[in-house]
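Visitor: For what it's worth, this note's numbering labels the leading residue of the sequence shown as 1, then goes sequentially.
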Amino acid sequence: MCETGAAVSLKKHRSISGLALVIVLATAVFCAVWLNHGPRYQGKSARHWVGQLVRNETAARRALLELGPAAVPALADAVSARQSWLEKKLGSFRPRLPRWIARRLLSPFEASVRQERALKVLDELGPSAAPAIPALLDLDCRVSDDLYSNSVFAQRVILSIGEAGLPQLIQVLRRGTEPAIRVKAATYLGLIGARAAPASGALAKALHDASPAVRKEAVSALGQIGPPAADALPALRSALALDNDDFRLQVVEALWDIGGDVELTVPVLVKVLRDPHHPSRARAATILARMGPAAKAAAPALTAVTQEQFSYTRVKAEEALTQIVGRPAAPRTDKLE
C-alpha cells in the first residue's frame, strides 16, 4: 500500500513537471512568434538579426542597417541586456529544451557581446536611433567592471544622436523613475547646448525635483544652453531661494550666462565675499571676473579681499578687479606663507 502511494505521488510529480514544461514551451513559442512580427529583411525580423549579432555579426549588421529605424526597438532591447523572467525559466529547463530554443538562450558573456555589437549598429544609425535613448541612459547609469566599456560606448551613441534625441531626453527628465537617470538626461541636454532650447521648460521644472543632484544638473544644463533658455529665467530667479550657497552660486552663473543678470546676482556674490569664513569666496570672485565691468558694484568688496593675508581667494579677487575696473590689482605687501 505504501509503495503504491509513493508511485502515485511520483506519477503526479512527473505530470506536474511535464505540464510546467509544456506551458513554458508554449509560452516560448508564443513569444517567439510575437517578438518576430514587424518589418523584415530577407524574410527575417529585426529581433532575429539582433540575435545573430553574436554568431554572424557581418550579416546581422548589414541587415539591421538596411532595416534602419525599424531595427531600433530590437537593438534597444539588446542594449538593456537584462535577463527576462522567461529567459530565466527557460534557462532552468535548458538541458531538456529543443535545440532550436536552447541556442537562443545566451550566456552572460554572449549577452555582453550582443550588447556591444548592438551599440555599434546604433552608433552607425546616428540620429535615427533616438528611440533607444532611454535604454542608452539606463546602461550609462549601470557602470560596473563588466559593463564599463559598453557604458562609455552608450555615451558616445547618445552624443552621436544629438539634437534628434531631445524628445526622449525631455521625457526621461520629466518621468524617469530613478534620480540617476534624470541626472543623466539633464547632463546630455546641457551637452547639446543652445540646440537644446526646447528642453528649457522641462529643465526649469527640474529645478524643483526631489533630488538635489537633478536640481544641480538642471541648472548646469540651462547655463550651457545660454540665452536660448531665456524662458527659464523666472524659475532660476525663484531658485535663488532654494538649497545652499553652492547651489545659489550655480544659479547665479546660469542667470548671468542666460540673461546677463547683475541686479540679482552681484549682491549674492558680494555677500559671499564679505563672509571671511565662507568656503566659496574664491568661486564668487571667479564668477565676478567673468562678468567683467557689469559687476562694478562688487569692486569695494573685492578691494577689501585684496587687503587680506595672501590666499587663493585674494588672488582671484585681484584678477576679478582687473577684469572689472581695468587696472592691475593693488600690490601685495606680505609674503606667501
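Positions of the beta carbon are idealized from the N, C-alpha and C atoms, including for glycine.
Taking the alpha helix (DSSP H) that F247 belongs to, which residues open and close that run?
Guide: Walking along the sequence shown from the start, residue 247 turns up at place 247. DSSP places F247 in the uninterrupted alpha helix (DSSP H) bounded by D245 to G259.
Visitor: Starting from the C-beta of V325, find all residues in its chain whose C-beta is less than 8 Å away, skip the five residues before and the five after it, and write them out in chain order.
Guide: The residue labelled residue 325 in the question sits at position 325 within the sequence shown. Excluding positions up to five away in sequence, the list reads P293, K296 and A299.
Visitor: Looking at C-alpha atoms only, which residue of F109, S80, S107 and P108 is the closest neighbour of D119?
Guide: What you label residue 119 is simply residue 119 of the sequence shown in a count that begins at 1. Note on residue identity: the sequence assigns Leu, not Asp, to residue 119. If we check each option's Cα against that of L119, S80 comes out closest.
Visitor: Helix, strand or coil, according to DSSP, for R40 in the structure here?
Guide: Position 40 of the sequence shown, counted from the first residue, corresponds to residue 40. Note: R40 maps to strand in three-state DSSP.
Visitor: Just mark H338 as buried or exposed, buried being the case when its beta carbon has 16 or more other beta carbons within 10 Å.
Guide: Residue 338 lies beyond the stretch modelled for the chain, which goes from 1 to 337, so this question has no answer here.
Visitor: Near A361, which residues of its chain fall below 6 Å by C-beta distance, leaving aside the five closest residues on each side in sequence?
Guide: Past the edges of the chain, shown from 1 to 337, lies residue 361, and the structure says nothing about it.
Visitor: Under a three-way DSSP split, which group does S45 fall into?
Guide: Working through the sequence shown from its first residue, we reach residue 45 at position 45. S45 carries a strand assignment under DSSP once its states are collapsed to helix, strand and coil.
Visitor: How about A210 and I170: do their beta carbons lie closer than 8 Å?
Guide: Taking the sequence shown and counting its residues from 1, the one referred to as residue 210 is at position 210. Taking the sequence shown and counting its residues from 1, the one referred to as residue 170 is at position 170. Not a contact, by the Cβ cut-off of 8 Å.
Visitor: Check this for me: beta carbons of E217 and A186, under 8 Å apart or not?
Guide: Here residue 217 is taken as the residue at index 217 of the sequence shown, counted from 1. Here residue 186 is taken as the residue at index 186 of the sequence shown, counted from 1. Yes. Within cutoff.
Visitor: Could you name each continuous alpha helix (DSSP H) segment of 4 residues or more that falls completely within the stretch 141-213, going from the start of the chain to the end?
Guide: List check, alpha helix (DSSP H) in window: 148-161, 166-175, 179-192 and 200-206.
Visitor: Leaving aside the five residues before and after V50 along the sequence, list all residues of the same chain whose C-beta is less than 8 Å from its C-beta, in chain order.
Guide: Translated into positions along the sequence shown, residue 50 becomes position 50. Counting only residues of its own chain and dropping the five nearest sequence neighbours on each side, V50 has a CB closer than 8 Å to the CB of A60, L64, A71, A74, L75, D77, A78, R114 and A118.
Visitor: 8 Å is my cut-off, CB to CB: does Q307 come that close to chain B?
Guide: Considering every chain present, this structure includes no chain B. It has just one protein chain.
Visitor: Quick one: is N150 buried, meaning 16 or more other Cβ sit within 10 Å of its Cβ, or exposed?
Guide: The count along the sequence shown starts at 1 and reaches residue 150 at position 150. When all chains shown are included, N150 counts as buried.
Visitor: Skipping 5 residues on each side, what residues in its chain have a beta carbon closer than 7 Å to that of M291?
Guide: Taking the first residue of the sequence shown as position 1, residue 291 is located at position 291. W256 and V262.
Visitor: Beta carbon of L236, beta carbon of L222: below 8 Å?
Guide: Against the sequence shown, residue 236 aligns to sequence position 236. Against the sequence shown, residue 222 aligns to sequence position 222. Cβ atoms of L236 and L222: closer than 8 Å.
Visitor: Go ahead and pull the three-state DSSP assignment for L240.
Guide: For the purposes of this step, residue 240 is taken as the residue at position 240 of the sequence shown. Coil, per DSSP.
Visitor: Under 7 Å Cβ to Cβ from G226, same chain only, skipping five residues before and after it: list those, please.
Guide: Position 226 of the sequence shown, counted from the start, is the residue given in the question as residue 226. Here the set comprises A194, D257 and I258.
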